[in-house]
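J.: My questions all concern the structure below.
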Amino acid sequence: MGPDLAAVSVLAAVLSGGLLSIVIESLMQPRPPLRRPWAAWAVHAGLWGLIQVGMTVLLGRPWFALAVVSAVWLVLVQVNNAKYKSLREPFVFHDYEYFTDAIRHPRLYIPFLGWPKFFGAAAGVLAAVAIGLMVEPVSDQRWAWDGQLGGVVLLLLGSAGALAWGARHLPTVSFRPVEDLQSLGFIASLWGYARAAAQVPGVQSPFADVSSAGDWSSQMQAEPQLAHQHQQLHVLSGAKSVRQLPHLLAVQSESFFDPRLLYAGIRPEALAGFDQLQAEGVLRGTLGVPAWGANTIRTEFAFLTGIAAQLLGVHQFNPYRVVASRWQPASLASWLRAQGYRTVCVHPYPVGFYQRKRVYPRLGFDEFLDIRAFAGRQHEGPYMDDAAVAEKISAVLLSANQPTFVFAITMENHGPLHLESVRPDEDQAFYTQPPSTDCDDLTIYLRHLHHADAMVTQLRSTLLSLGSRASLCWYGDHVPIMPNVYRRYGLPSGRVPYVCWNNWPSAYAPPIDLCVEDLSRRWLHSAGLMNCLPSGAACSS
1 MGPDLAAVSV LAAVLSGGLL SIVIESLMQP RPPLRRPWAA WAVHAGLWGL
51 IQVGMTVLLG RPWFALAVVS AVWLVLVQVN NAKYKSLREP FVFHDYEYFT
101 DAIRHPRLYI PFLGWPKFFG AAAGVLAAVA IGLMVEPVSD QRWAWDGQLG
151 GVVLLLLGSA GALAWGARHL PTVSFRPVED LQSLGFIASL WGYARAAAQV
201 PGVQSPFADV SSAGDWSSQM QAEPQLAHQH QQLHVLSGAK SVRQLPHLLA
251 VQSESFFDPR LLYAGIRPEA LAGFDQLQAE GVLRGTLGVP AWGANTIRTE
301 FAFLTGIAAQ LLGVHQFNPY RVVASRWQPA SLASWLRAQG YRTVCVHPYP
351 VGFYQRKRVY PRLGFDEFLD IRAFAGRQHE GPYMDDAAVA EKISAVLLSA
401 NQPTFVFAIT MENHGPLHLE SVRPDEDQAF YTQPPSTDCD DLTIYLRHLH
451 HADAMVTQLR STLLSLGSRA SLCWYGDHVP IMPNVYRRYG LPSGRVPYVC
501 WNNWPSAYAP PIDLCVEDLS RRWLHSAGLM NCLPSGAACS S
């Protein structure tokens, strides 16, 4: 190939790749419209050009570079579609970690894409590589200024200029992924989120400036009902002083919600233990959470820090990423540790997942009991069962020699549910009227929900046996992923139930709907540990 033709080949390949990128983007759900700001198109063209030209420099084959970049782009679009179908949210910048997580924890992610699509995408990428290597030779004008190198330099300058202009004039992203995708397109919205991710959140946790219970005797004079509760507990526990700090247990139960509201054929006793706890609870109601189907850490972070997701900007999609490296907000755990508590997290999964190994010490936890603490335990289903977690929590509290805060994040009811099978006796056990035959996910979900409910009963029994004050806060992180069930019976609201319960006599409390970021402070207030009280305004999920 002559010098001029080598340069033209580079230009033609990048132009063709840019046009193909638009065709592939049109396969997205939801589909971005072609009508968008010129700055968004400039960012799209500039980024695509830089990536494809960079691949051309690496490979020395411009059309092969087009095939490789386009294949990866198609995989990204397919991942977006799978995420949107399951979670009602497009792929965002912070989701890039899913690719490495999918390698380390394939069962959590790949089944949602679908094994056929996964293997098809992998085969497509490999085919593009094999065909490109065989069909297109490296140009003998690769490093000639009037050949391939000249075309590369020209495209690098043009792409960088387009990106710089587009980035300067790109409209501000809203951090509402569907809206940003529709207004800016896929590449430009990813760019906007990536640029915002470089900033540390400017919001402060309310736990950085909250008052504790202070002088308990003064508080009890001001709140006769609370004084009565402490007096009763003093008798119950035989404690020498009502100033004794209570043990605290918070359980974030995986995919916990009340499916009886969705399908009337579920037996009423499906959540008998939880129903009893709510009837006895000092606080109860439904909870607005910033997650649907997955993204546990969004709810987790909001509960622990008291920071509403929308105040985090782009970091609402994965707050632990910035906490692990550059940000250390105050939290429920750090506040309790300052009051004299030992703080323990129990989560039966590898400690490195979501960088919790680095995050939890920064949030104020003294100890993290991960999957290694359950070594040798035989469990039912793909993940550690709730009974094992309840036993571990009980062991921690029963052996505690100082006020202890345990925060547990369960795993048993984590999907994909469709990888498990319905057992012969489960229709009769869980339903008064079995659902449609395409709703096996619901039956499998109820199996694990039954175990979560048994965990509630076990923990209640443990806390009653302690002989000292203890308070339990139980809530769900999000609704489960059950697309066939929702298609047939309707989408749930996305809100999840919660309850706060004390092992000492407490006054009946009418239900109140909360945001998850208010729950931890409301809980501390109900246990007599905090003077200030959040507004408690209801929020949507």
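Under our numbering, read the sequence shown as residues 1 to 541, first letter to last.
All C-beta atoms in this analysis are idealised placements derived from N, C-alpha and C, irrespective of residue type, glycine included.
1. Express the C-alpha separation of arginine 362 and alanine 308 in angstroms, rounding to a whole number.
2. Whose CA, out of Pro268, Gly150, Leu47, Arg88, lies closest to the CA of aspartate 453?
3. For histidine 545 and alanine 507, which I take to be in contact (beta-carbon distance under 8 Å), what is that distance rounded to the nearest angstrom?
4. Quick one, are the C-beta atoms of valine 251 and leucine 459 less than 9 Å apart?
5. If serine 253 sits next to glycine 476, beta carbons under 8 Å apart, how far is it from one beta carbon to the other, in whole angstroms?
6. Assuming phenylalanine 405 contacts tyrosine 320 under a Cβ cut-off of 8 Å, what Cβ separation, rounded to an integer in Å, is found between them?
7. Roughly how many angstroms separate the alpha carbons of leucine 5 and valine 351, rounded to a whole number?
8. For the structure I just gave you, are there three or more beta carbon pairs, one from the stretch 50 to 70 and one from the stretch 166 to 179, closer than 8 Å?
9. For histidine 347 and alanine 509, what's the separation of their Cα atoms in angstroms?
10. Output needed for glutamine 402: all residues of its chain with C-beta closer than 8 Å, excluding positions within five of it in sequence on either side, in chain order.
11. In chain order, what residues of the same chain lie with their CB nearer than 6 Å to the CB of valine 516, ignoring the 5 residues before and after it?
12. Which of helix, strand or coil does DSSP assign to valine 242?
13. Would serine 218 be called buried (16 or more neighbouring beta carbons within 10 Å of its own) or exposed?
14. Sorted by chain position, which residues of the same chain lie with C-beta nearer than 7 Å to glutamine 229's C-beta, five sequence neighbours on each side aside?
15. Please state whether DSSP places leucine 184 in a helix, a strand or coil.
16. Taking the alpha-carbon of glycine 49 as reference, which of Ala160, Val396, Gln182 has the nearest alpha-carbon?
17. Does the Cβ-Cβ distance between alanine 390 and threonine 462 come in under 9 Å?
18. Under three-state DSSP, which class holds valine 422?
19. Once the 5 residues before and after threonine 56 are set aside, which same chain residues still bring their CB inside 8 Å of it?
20. Please report the Cβ distance between glycine 17 and serine 70, rounded to the nearest whole angstrom; I am assuming they are in contact, meaning their Cβ atoms lie under 8 Å.
21. Using alpha carbons as the reference points, say which of Ala373, Thr437, Ile22, Leu449 lies closest to glycine 381.
22. Along the chain, where does the beta strand (DSSP E) containing glycine 285 start, and where does it finish?
T.: Looking at the atomic coordinates:
1. 19 Å
2. Pro268
3. Limits of the chain in this structure are 1 at one end and 541 at the other, which puts residue 545 out of reach.
4. yes
5. 5 Å
6. Contact doesn't hold; Cβ gap of about 19 Å is too wide.
7. 54 Å
8. no
9. 30 Å
10. Gly340, Tyr341, Arg342
11. Leu287, Val289, Thr299, Ala302, Phe303
12. Below a pLDDT of 50, predicted positions are generally treated as unreliable, and valine 242, at 37, falls in that range; no measurement from the model is reported.
13. Reliability fails at serine 218, whose pLDDT of 36 lies under 50, so the model's placement of it is uncertain and the value that follows must be treated cautiously. So serine 218 counts as exposed.
14. With a pLDDT of 41 at glutamine 229, under the threshold of 50, the modelled position of this residue cannot be trusted; read the value that follows with caution. Cβ neighbours of glutamine 229 beyond the five flanking positions: Trp504, Pro505, Ser506.
15. helix
16. Ala160
17. yes
18. coil
19. Val10, Ala13, Val14, Pro62, Ala65, Gln148, Val152
20. 6 Å
21. Leu449
22. 283 to 288
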